[in-house]
Every structure is written in C-alpha cells, then in structure tokens.
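Undergrad: One structure coming up, written as structure tokens, with questions to follow.
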Ligand code: MG
C-alpha cells in the first residue's frame, strides 16, 4: 500500500476540482488526516479503464472497455476501497465522476460510523451521479467494517453460506459464438442471456442445443410490443427460463404491469428501478427488482431497497456492471438475502485490481476479511 501514500504525496498539489487527471495518479478531494490531533477521513480517487475480455453486446450497444473511478478513504491509518463503474450509456463518465468527487468534503465529519449523515450529505451535493456516490459509500463501508474488524455480512446478520450461485452473462452474438461462450461457461449453474433483438429465438435455440442449464433472460428494454413480449416469455418458460428482466422500455409502466399480471415467469425491473424511491412504484409493475450498487448509490441504499422489496413481497435480484472485484465484493455482502445473483462483472475483465469475493463452482463465495473483504493486488 506504500505506493498510494507516495503517489498521493507526489500528486497532492493537484488542484481539487481538476478533471485532467494524469493516468495512474491519485487525486485528493479535500481534507487533512488529522485536525487538532483527531483523525479525519481523507478521500482520494483516480480514473481507471476496465478491459473486457470479449466484445460485449446488449440490446442497446456494444463495447470493449468500461470507465471506472477507484476511490480510497483513509481514516486513522485504515484505507477503505471503493469504485464507480460507468457503462457509457448510463450517462456517467471519468469526467463527471471526478468532477463530483472533487466536490466531496469529508472534513466536517469526524465519525465514519455516522454513515447516514455522511452519505445523506454526499447525496445532496448534486442530483444523479449514482456510481460516483457509490464509490464513496463503498469505501466508507470498507473503513467502518475494518474499524469493527468484521465483514459486512456479519454486521448485517447475513449467513455467507446462503449466498446463491451467480448467473454468467452471454451477450448477443451469432449462434456459433454463443454456443462457444456457453461451453466456456461450464463452471456456472445459471446462464443469463441478453435478449431484445429479432435474433432472440435463434440465440436461445443455439444455447439450448449445447446446454440444459437453467437460464434467465434480459431484454434490456429491447422489446416493444407487449403481446409479443408476453408470448416470448411463455416461449422462454417452456425452455427452462427462471425469470426475465426489463422486457419493455422503463417508461411503459402500464404495459409492464399488464405483462407482469399475465406472465408465467417473474418479471424483474432493472432499468426501471434505480433507487429506494423506485421500489414502491415498482410494486404491481414488476414481480421483483434488480439491485445494483452503481444505481442505488451504494451499499447503504441497496440494503434499504432489499428490505423494502422483501416487505412488499417482491423478488430480489442482485446485479452489477462490469466492475473490479472491489465493487463486486461490496455487493456480494447482500447476496445471502437475494433470490438470484448476477455478479459476474469482474469475470468479464482482464485487468482486475483486487482479490475479494470469488465465484467458486458457480457460487458467490465471500472471504472472511473485514469490511468489503478485498485486498488490493496492484497500484
Ligand atoms: Mg438487466
């Protein structure tokens, strides 16, 4: 970890608020490590670009990289790690996240355990920016867990042995490629198939020709006609699907409710359910929700969404973006409480920076380390 201290000292003269960030250098937002002899939280952050192992295609786009911003919060000699992952179509970027993080001032807060106050204040800095906000939430949870010397699943009271298997996502591609990807995914017990184009049935038949595993389908808002979407869901049920995500565009609330009422499979809201306030609105529209830290602004609100969805009798899925094992590990502490996990994000990249929660024999497998449970592998 000495590299970070050294880089931090070398680059601490960079002005807060700058968005021109030299590759690999850390920026300090604001704050000093002690005030009048008492420890203070210091935030630093730097952009990083995830390299995807394969071109990834969903209903709305294709890409080979994902921009992320890595954060660290240092408090009393402890470093907490966080991450913002920002797939381009969601509107955040290196520029927006670094600009947001440069506005964050942790100096008024002396007690990292006061998560509610701190994270509420950060949320109020500006609307939007959910991934940037999550990068602070995750790092702060890591600090607090390390101070308590406990992993978050213990703090929350969740048994890691109950963590589910994770699905492995197969993007839209030609029948030959999806067959090859299906064979490569031998370790996984559930396959998640990206749907939402006119090749859906061809893709599913190709995968079914080489695998009889349970599958889930994610249309990513790609279907347009509600009757055709419902017919497709019946067709998918006959082929061993467990649930479908986001059949229609998120604005089509009445049509979504119409499908959910008639669907033989649970219908999960993803793009249509971002934060806590959306969960109430999702009742009756979807059978369940897909919680992602990069939508929810982090672990704190994600847990509130989980508890509210359960209270409302809804299904809960835990998803991710392409992320390092930092973001995936943070999310995984909620996984013992969900119906389905889709936490394959770190497996899709070739330049992970952390060791943490792994997928072992298809199952989400948490470490016993405190905080979010990660160790940084390299700078
Ligand atoms: Mg989805």
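Residue numbers (my numbering): 210 to 588. Idealized CB from N, CA, C, for every residue including glycine.
Can you grab the Cα-Cα spacing for the pair residue 587 / residue 563, in whole Å?
TA: Roughly 8 angstroms separates the two Cα atoms.
Undergrad: According to DSSP, simplified to helix, strand and coil, what is residue 213?
TA: Note that residue 213 scores a pLDDT of 42, beneath 50, so its modelled location is shaky; the value from the coordinates is reported in the next line. Three-state DSSP puts residue 213 in a helix.
Undergrad: Please classify residue 372 as buried or exposed, where buried requires at least 16 neighbouring CB atoms within 10 angstroms.
TA: That one is buried.
Undergrad: Output yes or no for whether 9 angstroms exceeds the beta carbon distance between residue 340 and residue 413.
TA: Contact: no.
Undergrad: Please work out which residues of its chain come closer than 6 angstroms, Cβ to Cβ, to residue 574, disregarding the five sequence neighbours upstream and downstream, and give them in chain order.
TA: Counting only Cβ-Cβ distances below 6 angstroms, and skipping sequence neighbours, we find 567.
Undergrad: Hey, is residue 429 close to the ligand MG, as in C-beta under 8 angstroms from one of its heavy atoms?
TA: Answer for residue 429: yes, Cβ within range of the ligand MG.
Undergrad: Report the residue from 558, 424, 419 and 540 whose alpha carbon sits nearest the alpha carbon of residue 505.
TA: Closest by alpha carbon: 540.
Undergrad: Measure the Cβ-Cβ separation of residue 400 and residue 453 and say whether it is below 9 angstroms.
TA: Not closer than 9 angstroms, so no.
Undergrad: Which residues bound the alpha helix (DSSP H) around residue 270?
TA: Residue 270 -> no alpha helix (DSSP H), and no H or E assigned at all.
Undergrad: Spell out the partners DSSP gives residue 450 in its beta bridges.
TA: DSSP output for residue 450 lists 424 as bridge partner(s).
Undergrad: From residue 364 to residue 444, what distance separates their C-alpha atoms?
TA: The alpha-carbon atoms of residue 364 and residue 444 are separated by roughly 43 angstroms.
Undergrad: Count the other CB atoms within 10 Å of the CB of residue 301; is the residue buried (16 or more) or exposed (fewer)?
TA: With 16 or more other Cβ atoms within 10 Å, it is buried.
Undergrad: How many Å lie between residue 527 and residue 356 at the Cα?
TA: Residue 527 and residue 356: Cα-Cα distance of roughly 26 angstroms.
Undergrad: May I ask which residues mark the beginning and end of the beta strand (DSSP E) holding residue 292?
TA: Taken as a continuous stretch (DSSP letters only), the beta strand (DSSP E) holding residue 292 covers 287 to 294.
Undergrad: What does the alpha-carbon distance come out to for the pair residue 221 and residue 532?
TA: With a pLDDT of only 36 at residue 221, under 50, the local geometry of the prediction cannot be trusted, and the value read off the model is given with reservation. Cα-Cα distance, rounded: 27 angstroms.
Undergrad: Report the CB separation of residue 535 from residue 580 in whole angstroms; it is logged as a contact under 8 angstroms.
TA: Not really, about 11 angstroms apart at Cβ, beyond 8 angstroms.
Undergrad: If you draw a straight line from the C-alpha of residue 489 to the C-alpha of residue 246, how long is it?
TA: The alpha-carbon atoms of residue 489 and residue 246 are separated by roughly 46 angstroms.
Undergrad: Count the other C-beta atoms from every protein chain shown that fall within 10 angstroms of the C-beta of residue 499, then say buried if there are 16 or more, exposed otherwise.
TA: Classification for residue 499: buried.
Undergrad: What residue range does the alpha helix (DSSP H) around residue 536 cover?
TA: First-last of the alpha helix (DSSP H) with residue 536: 534 to 541.
Undergrad: For the ligand ZN, is there any heavy atom lying closer than 8 angstroms to the beta carbon of residue 528?
TA: As presented, the structure is devoid of the ligand ZN, carrying the ligand MG as its sole ligands.
Undergrad: Taking only three categories from DSSP, how would you classify residue 499?
TA: In the structure shown, residue 499 sits in a strand (DSSP, three-state: E or B).
Undergrad: Would you call the stretch 316 to 326 and the stretch 475 to 485 touching, i.e. three or more CB-CB distances under 8 angstroms?
TA: The stretch 316 to 326 vs the stretch 475 to 485: no contact.
Undergrad: Can we count residue 455 as close to the ligand MG, meaning its CB is less than 8 angstroms from some heavy atom?
TA: Residue 455: yes, Cβ under 8 angstroms from the ligand MG.
Undergrad: Is the distance from the Cβ of residue 291 to the Cβ of residue 351 below 9 angstroms?
TA: Cβ distance < 9 angstroms, so residue 291 and residue 351 count as in contact.
Undergrad: The ligand MG and residue 270: does the residue's C-beta get closer than 8 angstroms to at least one heavy atom of that ligand?
TA: Because no heavy atom of the ligand MG lies under 8 angstroms away, the Cβ of residue 270 does not count as near it: no.
Undergrad: To the nearest angstrom, report how far apart residue 572 and residue 243 are at their CA atoms.
TA: Using only the alpha carbons, I get a separation of about 42 angstroms.
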